[in-house]
Ligand code: B12
Ligand code: SF4
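In our numbering, the protein residues as written are 16 to 473.
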């Protein structure tokens with residue numbers, strides 16, 4: 016069968032109001048391979064599969080016209096992409112109502128009602144590799160898709176769910192992501208800390224923690240499932256054979272099992288693998304435990320960036336978020352990163368009940384610790400998280416759940432909250448400019464615009 020897999024364009028801001036902001040500029044320099052669709056594509060090797068990354072090739076109608084797919088799969092992982100994914104699905108059906116459409120990703124699982132319409136034939140709920148393969152087989156052979164686990168479909172105007180599909184237990188049994196589908200796009204895949212072609216490797220799924228604002232544990236499960244260190248290194252070698260020398264380890268917390276990471280690093284060293292850049296996300300408490308391993312990793316690449324969800328500077332707020340860390344742990348992690356000469360990069364979640372002094376203390380902390388890259392996001396309670404039921408919303412427009420708008424009520428008047436938040440954003444911009452490397456994210460035109468914005472704000 017002819018199957019088109021679509022990664023819809025990045026968040027389209029409805030009113031374009033953030034054009035010229037730091038975040039919109041950062042997003043321009045920030046595009047990564049759609050691993051989800053590459054994992055799915057790898058399971059469909061008996062079919063004629065193509066992948067469309069709409070950030071790079073936005074002309075959907077042209078692709079539909081030239082490829083004429085029987086089935087189109089559309090991913091929707093971040094909630095702010097819901098409306099956009101819905102539009103893409105609508106365009107596919109308008110183009111040819113006979114095309115079978117499949118939507119997958121965590122937002123489809125957590126908000127099935129948003130995809131319950133005649134533009135969507137199937138919802139894939141949860142990890143999609145086996146579900147999609149079985150679905151395509153059933154559609155081709157006329158088999159009964161109702162027996163396939165992890166699906167939702169419309170029947171007589173009602174959304175029906177099949178039995179739940181458990182997460183993939185043996186990750187190494189999955190084929191490597193089908194990068195032949197995205198090879199043509201690879202020169203575009205970059206990270207804000209590495210402006211050279213970048214490969215992504217997802218070495219583990221699941222998270223044993225339960226931060227109240229995060230969907231990962233609910234979606235991928237609380238048990239950490241890992242690829243073997245040998246498979247991780249093999250995948251890095253495959254990327255190197257494609258000429259890729261910068262790697263993003265996109266696990267939610269790459270350092271969760273320090274011993275495993277140590278084995279990966281030893282294997283990389285034994286094989287004399289050198290990389291121009293490595294980035295990862297990690298928790299502060301794991302950084303504290305992984306200092307020695309990180310020092311060893313620096314012999315593989317002396318350019319490492321780690322994005323840390325610090326989330327807060329008060330133990331009370333960290334406790335409310337159920338982060339399982341403290342300010343002391345954050346301080347210790349920062350000290351280790353400084354010792355290793357790894358830039359301090361990370362994010363904070365702003366409490367909707369924050370007072371002016373909380374904003375000011377956060378600004379002082381970030382400036383004193385000399386962050387290179389820092390993001391400040393007011394709490395966004397996502398469907399599927401514990402935080403979702405705990406707040407009063409000011410909007411349920413998913414376009415606004417993008418980290419740049421307030422979606423829940425704040426204690427301070429909105430104008431005052433927004434002013435304080437803007438001050439933090441300006442500080443983030445200033446710090447980014449101070450650290451030469453971080454500026455690489457911007458192209459020359461954006462850099463000039465930002466210089467202008469900053470000088471006006473002085
Ligand atoms: C790498 C990454 C990114 C990359 C982009 C990667 C990419 N090309 O898509 C960057 C850094 C750019 C990014 C940006 C953002 N991200 Co992000 N990102 C991740 C991260 C860490 C890994 C993604 C990944 O590769 N996963 C591995 C694949 C295999 O998993 P998957 O995508 O879920 O796909 C599986 C299933 O969902 C399903 N599936 C998915 N799509 C489809 C489609 C079909 C047809 C089928 C059948 C099945 C299927 O099958 C897949 C295989 O099992 C995830 C966390 C995570 N654990 O997934 C966060 C995550 C997805 N991101 C998140 C967020 C919030 C964002 C941002 C909004 C951040 C911001 N404020 O700007 C932006 C939004 C970008 C956008 N496009 O809308 C949240 C989403 C929360 C939510 N429910 O809304 C997550 C869960 C992180 C978190 N801890 O909260 N992100
Ligand atoms: S924020 Fe990180 S540590 Fe917390 S539940 Fe999500 S993935 Fe796990």
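Backbone N, C-alpha and C define an ideal beta-carbon position, used for all residues, glycine too.
State the Cα-Cα distance for the pair residue 310 and residue 55, rounded to the nearest angstrom. 35 Å
Quick one: residues in its chain with C-beta nearer than 6 Å to the C-beta of residue 201, no 5 flanking neighbours on either side, listed in chain order? 212
Quick check: the stretch 359 to 379 against the stretch 322 to 330, are at least 3 beta-carbon pairs closer than 8 Å? The stretch 322 to 330 makes contact with the stretch 359 to 379, as at least three CB pairs between them are under 8 Å.
Hey, which unbroken runs of the alpha helix (DSSP H) at 4 residues or more fall wholly within the stretch 222 to 299? 231 to 235, 244 to 256 and 273 to 285
Could you check which residue in 398, 236, 358 and 381 has the C-alpha nearest to that of residue 295? 358
Run the proximity test for residue 327: is its beta-carbon closer than 8 Å to any non-hydrogen atom belonging to the ligand SF4? no
Please work out which residues of its chain come closer than 7 Å, Cβ to Cβ, to residue 280, disregarding the five sequence neighbours upstream and downstream, and give them in chain order. 308, 311, 312 and 315
Given this structure, state the Cα-to-Cα distance separating residue 144 from residue 287, to the nearest angstrom. 33 Å
For the alpha helix (DSSP H) that residue 449 lies in, which residues bound it at each end? 429 to 449
Quick check: does the Cβ of residue 250 come within less than 8 Å of any heavy atom belonging to the ligand B12? Checking the Cβ of residue 250 against the ligand B12 gives no.
State the CB to CB distance for the pair residue 321 and residue 297, rounded to an integer number of angstroms; the pair is presumed to be in contact (CB under 8 Å). 5 Å
Taking only heavy atoms of the ligand B12 into account, decide whether any of them is closer than 8 Å to the Cβ of residue 20. It does: the Cβ of residue 20 is within 8 Å (strictly closer) of some heavy atom of the ligand B12.
From which residue to which residue does the alpha helix (DSSP H) around residue 214 run? Taken as a continuous stretch (DSSP letters only), residue 214 belongs to no alpha helix (DSSP H), being part of the beta strand (DSSP E) at 213 to 216.
Based on the DSSP output, what are the partners of residue 17 in its beta bridges? 63
Would a C-beta distance cut-off of 9 Å place residue 16 and residue 147 closer than the cut-off? No, these two residues do not count as a Cβ contact at 9 Å.
Straight-line gap, residue 378 to residue 446 (C-alpha atoms, nearest Å): 11 Å
Check whether the Cβ atoms of residue 237 and residue 258 sit closer than 9 Å, and answer yes or no. no
Using DSSP's beta-bridge definition, name the partner residues of residue 399. According to DSSP, which records beta bridges pairwise, residue 399 is partnered with nothing at all.
Beta strand (DSSP E) segment containing residue 90, residue limits: 86 to 90
For the beta strand (DSSP E) that contains residue 81, what are its first and last residues? First-last for residue 81: 75 to 82, but that is the alpha helix (DSSP H), not the beta strand (DSSP E).
Need the endpoints of the beta strand (DSSP E) that residue 54 sits in, please. From DSSP, residue 54 is part of no beta strand (DSSP E) but of the alpha helix (DSSP H) over 50 to 57.
Under 9 Å, do residue 155 and residue 164 count as touching if we go by C-beta distance? no
Determine the burial state of residue 410: buried for a count of at least 16 other Cβ atoms within 10 Å of its Cβ, exposed for fewer. exposed
Do the stretch 421 to 439 and the stretch 233 to 253 touch if we need at least three Cβ pairs shorter than 8 Å? no
Check whether the Cβ of residue 324 lies closer than 8 Å to any heavy atom of the ligand SF4, and answer yes or no. yes
Let's see if you can read the secondary structure: which residues bound the beta strand (DSSP E) around residue 173? 173 to 176
Do you know whose CA, among 215, 198 and 199, lies nearest residue 206's CA? Taking only the C-alpha atoms, the option nearest residue 206 is 215.
Whose CB is closer than 6 Å to a heavy atom of the ligand SF4? List the residues in chain order. 222, 224, 225, 226, 229, 231, 232, 267, 268, 298 and 324
Reference residue 171, options 184, 152, 194 and 133, closest by Cα: 133
For residue 225 and residue 176, what's the separation of their Cα atoms in angstroms? Roughly 26 Å separates the two Cα atoms.
Shortest alpha-carbon distance to residue 126 belongs to which of 366, 152, 101 and 342? 101
Tell me whether residue 147, by its Cβ, gets closer than 8 Å to a heavy atom of the ligand GTP. Only the ligand B12 and the ligand SF4 can be found as ligands here, which leaves the ligand GTP out of the picture.
Below-9 Å beta-carbon distance, residue 157 vs any chain C residue: Protein chains in the displayed structure number just one, and chain C is not present.
Close Cβ partners of residue 159 (< 7 Å) along its chain, the five nearest in sequence each way excluded: 153
Residue of 412, 231 and 83 minimising C-alpha distance to residue 110: 83
Does DSSP put residue 326 in a helix, in a strand, or in coil? strand
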